[in-house]
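Enquirer:
There are 2 protein chains.
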Amino acid sequence: MQAKGRLYGIGVGPGDPELLTLKALRLLQAAPVVAYHSAVDKESIARAIASPYLTGNQIEVVFHLPRALEPETANLIYDKEVAPIAEHLAAGRDVVVLCEGDPFFYGSFMYVFTRLSPHYQTEVVPGISSLMACPVALGVPFTYYNDIMTVLPAPMPAEELITHLLATDAAAIMKLGRHFAKVRDVLHQLGLASRALYIERATMTQQRIVPLDEVDPNQVPYFSMIIIPTKNRL
Amino acid sequence: MQAKGRLYGIGVGPGDPELLTLKALRLLQAAPVVAYHSAVDKESIARAIASPYLTGNQIEVVFHLPRALEPETANLIYDKEVAPIAEHLAAGRDVVVLCEGDPFFYGSFMYVFTRLSPHYQTEVVPGISSLMACPVALGVPFTYYNDIMTVLPAPMPAEELITHLLATDAAAIMKLGRHFAKVRDVLHQLGLASRALYIERATMTQQRIVPLDEVDPNQVPYFSMIIIPTKNRL
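If you read the sequences in order, they're chains D and V.
For the first sequence, the working numbering gives the first residue as 150, with consecutive numbering after it.
For the second sequence, the working numbering gives the first residue as 150, with consecutive numbering after it.
#1: Would you mind stating whether F372 (chain D) and F253 (chain V) have Cβ atoms separated by less than 8 angstroms?
#2: Any contact of the segment 307 to 325 of chain D with the segment 175 to 195 of chain D, i.e. 3+ C-beta pairs under 8 angstroms?
#3: Return helix, strand or coil for F262 (chain D), following the three-state DSSP convention.
#4: For a test of the three-state rule: what should DSSP assign to T299 (chain D), helix, strand or coil?
#5: Considering just the uninterrupted stretch of the beta strand (DSSP E) at I375 (chain D), what are its terminal residues?
#6: Go ahead and label V211 (chain D) buried or exposed: buried means 16 or more other beta carbons lie within 10 angstroms of its beta carbon, across all protein chains shown.
#7: Assuming contact is defined by CB atoms lying nearer than 8 angstroms, are K153 (chain D) and G241 (chain D) in contact in what I supplied?
#8: Give me the subset of the segment 244 to 257 of chain D whose CB atoms are less than 8 angstroms from a CB atom of chain V, sorted by chain position.
#9: Count the other C-beta atoms from every protein chain shown that fall within 10 angstroms of the C-beta of K380 (chain V), then say buried if there are 16 or more, exposed otherwise.
#10: Should E230 (chain D) be flagged as near chain V, meaning a C-beta pair shorter than 8 angstroms?
#11: Report yes or no: is there a C-beta of chain D within less than 8 angstroms of the C-beta of P366 (chain V)?
#12: Contact defined as beta carbons within less than 8 angstroms: I believe P302 (chain V) pairs with M323 (chain V). What is the distance between those atoms, to the nearest angstrom?
#13: Identify, in the order they occur along the chain, each residue of the same chain with its Cβ nearer than 6 angstroms to the Cβ of V261 (chain V), setting aside the five sequence neighbours on each side.
#14: Between which two residues does the alpha helix (DSSP H) carrying R357 (chain V) extend?
#15: For the putative contact between V183 (chain D) and E167 (chain D), defined by C-beta atoms under 8 angstroms, what is the C-beta separation to the nearest angstrom?
#16: Checking contacts by CB at 8 angstroms: is A282 (chain D) closer than that to chain V?
#17: To the nearest angstrom, how far is the alpha carbon of Q207 (chain D) from that of A320 (chain V)?
#18: If distances are taken between C-alpha atoms only, which option among D:L225, D:P284 and D:Y294 comes closest to I376 (chain D)?
#19: Specify, as a first and last residue, the run of the alpha helix (DSSP H) that F291 (chain D) falls within.
#20: Can you look up A316 (chain V) in the DSSP assignment and give me helix, strand or coil?
#21: What residues from the segment 168 to 181 of chain V come within 8 angstroms of chain D, judged by C-beta to C-beta, listed N to C?
#22: For F262 (chain V) and chain D, any beta-carbon pair shorter than 8 angstroms?
#23: For G158 (chain V), name the three-state secondary structure that DSSP assigns.
#24: Span of the alpha helix (DSSP H) holding E388 (chain D)?
#25: Using a Cβ cut-off of 8 angstroms, which residues of the segment 298 to 317 of chain D contact any Cβ in chain V, in chain order?
#26: Specify, as a first and last residue, the run of the beta strand (DSSP E) that F254 (chain D) falls within.
#27: Give the residues of chain D in contact with Y294 (chain V), contact being defined as C-beta atoms less than 7 angstroms apart.
#28: Which residues, taken in chain order from the segment 330 to 352 of chain D, show a beta carbon closer than 9 angstroms to some beta carbon of chain V?
#29: Output the distance between the C-alpha atoms of D318 (chain V) and I297 (chain V), rounded to the nearest integer angstrom.
#30: Taking V387 (chain D) as part of the alpha helix (DSSP H), name the residues at either end of that continuous run.
#31: Within 8 angstroms of any Cβ in chain D, is that where the Cβ of P360 (chain V) sits?
#32: Mind listing the chain V neighbours of S278 (chain D)? Cutoff is C-beta to C-beta under 7 angstroms, in chain order.
#33: If I follow the unbroken alpha helix (DSSP H) through V119 (chain D), where does it start and stop?
Below is the structure:
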C-alpha cells in the first residue's frame, strides 16, 4: 500500500522573504506540492513571499477565498477547497501549505488543519507574526518584564475596546480597515493617541508608516496595525 | 575618521536552531563580533541556539546577568555590561546581539537598545517568539478570526489573573516558576484547567509537555508556558 503524503503548514512571515525560517525553507523546497490561498483575481501574498525559493518543479494548488471572511462562509468554502490538497496527500505526495505570518496565530491554516490533520501526518512550522514584525519595523520596543499585552480586533464595539485598553500595558489593534476612525477616536479619548503607532504592510516593499492623525480612514488596508508599546520603559 | 560599527539585535527564536530566519543567519555570519547574555556559570541559551552558525572567526562578548531580574537591578548591570559592545562599535566593528525569541517582545535586547541605539546605527531582526512556538509544539491552533488574545505574566495577584482571563478568548501565561501553583488554582476555579496546556522549553531538545495536573510546582523552569487556546473553534 502506498504511504500517504505528509501535510506541512508553514509560516512564511509578514512579507520580507528573508524572514522565512531555515526550517520553512528546507521543507518548502523538499515538497512536490505547494498550496496557498489567494483572493480571487489577486496574486497570492503567501506565494509572493515564498516565490524566491520555489524550485520551479513544484505542483501549485491555489485555493481562492475572500479575505476577512465570516467563519461560517469560510468553512463552507474550505470544505471544497481542501479537496485537491487531500487528493495529493492520498496519492502519497507531501504538501506544503504556505501561511502568511504564523499558521496558528490568526492563521488561515487552521481551516486546513482542522480538516486534514485527523487523516494525514501533519507538521506545523511557526512563522514571524506581524505582532513581532510591526514593533521592529516601527523601531520601538513593544513589551518588557511583567507587562500585560493584548491583541484586540478592531471590529469590537468602542466601549469594549476602551475596557480592554485600560486593562493592558501594551496592545496591538488589528483588522482596522473600516473600523479605523472608531479606533482612533477611542485612542484620543483615552489619551493613548500620542503613544499609538500605525503601520501598513510591515516588512513588505510597500511598507508605510503614517502618523496616526494623518491616516486616511477610507484607505486603511487589511495589512495594517496599530501598536501601543508599553509605557513601562527602562 | 573611522566609520562606527552597526548594532544588530537578532531574534534567534525559541530554541530549535532551524527556527532562525534567513536574515538572522546572514547578519550573524557577516558580523565580526557576536554578543549574548548568559546566566553566571551557565551556558548562554542564545549562543547555544546560534552555535551551529558561528563562523569560528568571531569575537564573542558575553554579558553576565541573573535571569528574571528586577528592572532596576538590570539597569545597573547593563550600564556596565554594554561597555564592551560600545567599544567594538566605536572601533568600527559591527556587533550582532543574539536574543532568545524576539528582541522587542519581552526581550532582554531592550536594555542594550535603549543605551546604544541613540549613538550607533541599529537594526533589529524579529524572531519566532515562544508565543507562536508553544501552540505549534502543542499541536493546537491558538487564536483565530476576531479573538482577543492576552499575554499574562504569572507574578500578578490571583484576582487580577482572574479578571484578565475572564476578559479574553485566548491567553498565554508566562514566567510561571514559583507562581505555578497559584496559576493552576485559578485555572481550576475558572473551569479553564481542561483547556490549558503546559509546555517547557518548546522546540528545544529538552522540550517537555506535561498534563497541567501532573506538573510538579516546585520544578517549573523559567522556559515554561501555559497556553489557553481559543474555544471559538471552527
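The beta carbon of each residue, even a glycine, is placed where N, CA and C say it ideally should be.
Expert: In terms of the structure at hand:
#1: Mapped onto the first sequence, residue 372 (chain D) falls at position 223. Mapped onto the second sequence, residue 253 (chain V) falls at position 104. No, the pair does not count as a contact, with Cβ atoms beyond the cut-off.
#2: no
#3: Position 113 of the first sequence, counted from the start, is the residue given in the question as residue 262 (chain D). Helix at F262 (chain D).
#4: Your numbering for residue 299 (chain D) matches position 150 in the first sequence. Looking at T299 (chain D) - three-state DSSP - the assignment turns out to be strand.
#5: Walking along the first sequence from the start, residue 375 (chain D) turns up at place 226. Its beta strand (DSSP E) spans residues S373 to I377.
#6: On the first sequence, residue 211 (chain D) is found 62 positions in, with the first residue counted as 1. It counts as exposed.
#7: Here residue 153 (chain D) refers to the residue found at position 4 of the first sequence. Here residue 241 (chain D) refers to the residue found at position 92 of the first sequence. Yes, these two residues count as a Cβ contact at 8 angstroms.
#8: D251, P252, F253, F254, Y255 and G256
#9: Within the second sequence, residue 380 (chain V) is the residue found at index 231, counting from 1. K380 (chain V) is exposed by the Cβ-count criterion.
#10: Sequence index remark: in the first sequence, residue 230 (chain D) carries index 81 (1-based). No, its Cβ sits nowhere closer than 8 angstroms to a Cβ of chain V.
#11: Position 217 of the second sequence, counted from the first residue, corresponds to residue 366 (chain V). Cβ-Cβ to chain D under 8 angstroms: no for P366 (chain V).
#12: Working through the second sequence from its first residue, we reach residue 302 (chain V) at position 153. Working through the second sequence from its first residue, we reach residue 323 (chain V) at position 174. Contact flag correct, Cβ pair sits at about 6 angstroms.
#13: Along the second sequence, read from residue 1 onward, the residue named residue 261 (chain V) stands at position 112. Once the five neighbours on either side are set aside, the close Cβ partners of V261 (chain V) are V231 and V246.
#14: As a first step, residue 357 (chain V) must be located in the second sequence, where it is residue number 208. Note, R357 (chain V): premise wrong, no alpha helix (DSSP H); beta strand (DSSP E) at R357 to V359.
#15: Here residue 183 (chain D) refers to the residue found at position 34 of the first sequence. Here residue 167 (chain D) refers to the residue found at position 18 of the first sequence. Between E167 (chain D) and V183 (chain D) the Cβ distance is about 19 angstroms, and since that is not below 8 angstroms, they are no contact.
#16: Counting from 1 along the first sequence, the entry for residue 282 (chain D) is found at position 133. Yes, A282 (chain D) counts as interfacial toward chain V.
#17: To locate residue 207 (chain D), count along the first sequence from 1; it is residue 58. To locate residue 320 (chain V), count along the second sequence from 1; it is residue 171. Approximately 38 angstroms, taken between the alpha carbons.
#18: Working through the first sequence from its first residue, we reach residue 376 (chain D) at position 227. If we check each option's Cα against that of I376 (chain D), D:P284 comes out closest.
#19: Within the first sequence, the letter at position 142 stands for residue 291 (chain D). From DSSP, F291 (chain D) is part of no alpha helix (DSSP H); its letter is neither H nor E.
#20: What you label residue 316 (chain V) is simply residue 167 of the second sequence in a count that begins at 1. Coil, per DSSP.
#21: L168, L169, T170, L171, K172, L174 and R175
#22: Translated into the one-based positions of the second sequence, residue 262 (chain V) becomes position 113. Closer than 8 angstroms: yes.
#23: Along the second sequence, one-based indexing puts residue 158 (chain V) at 9. Correct three-state label for G158 (chain V): strand.
#24: Since the first residue shown for chain D is 150 and the last is 383, residue 388 (chain D) is missing from the structure and cannot be characterised.
#25: M298, T299, V300, L301, P302, P304, M305, T312, H313, A316 and T317
#26: Residue numbering aside, residue 254 (chain D) sits at position 105 when the first sequence is read from its first letter. Per DSSP, F254 (chain D) belongs to no beta strand (DSSP E) and is neither H nor E.
#27: Here the question's residue 294 (chain V) lines up with position 145 in the second sequence. Within chain D, the residues near Y294 (chain V) are P220.
#28: T352
#29: To locate residue 318 (chain V), count along the second sequence from 1; it is residue 169. To locate residue 297 (chain V), count along the second sequence from 1; it is residue 148. Cα-Cα distance, rounded: 5 angstroms.
#30: Within the shown structure, residues of chain D are numbered from 150 to 383, placing residue 387 (chain D) beyond reach of any answer.
#31: Mapped onto the second sequence, residue 360 (chain V) falls at position 211. Closer than 8 angstroms: no.
#32: Position 129 of the first sequence, counting from 1, holds the residue named residue 278 (chain D). Chain V residues near S278 (chain D): M281.
#33: Nothing about residue 119 (chain D) can be reported from this structure: the residues present for chain D run from 150 to 383 only.
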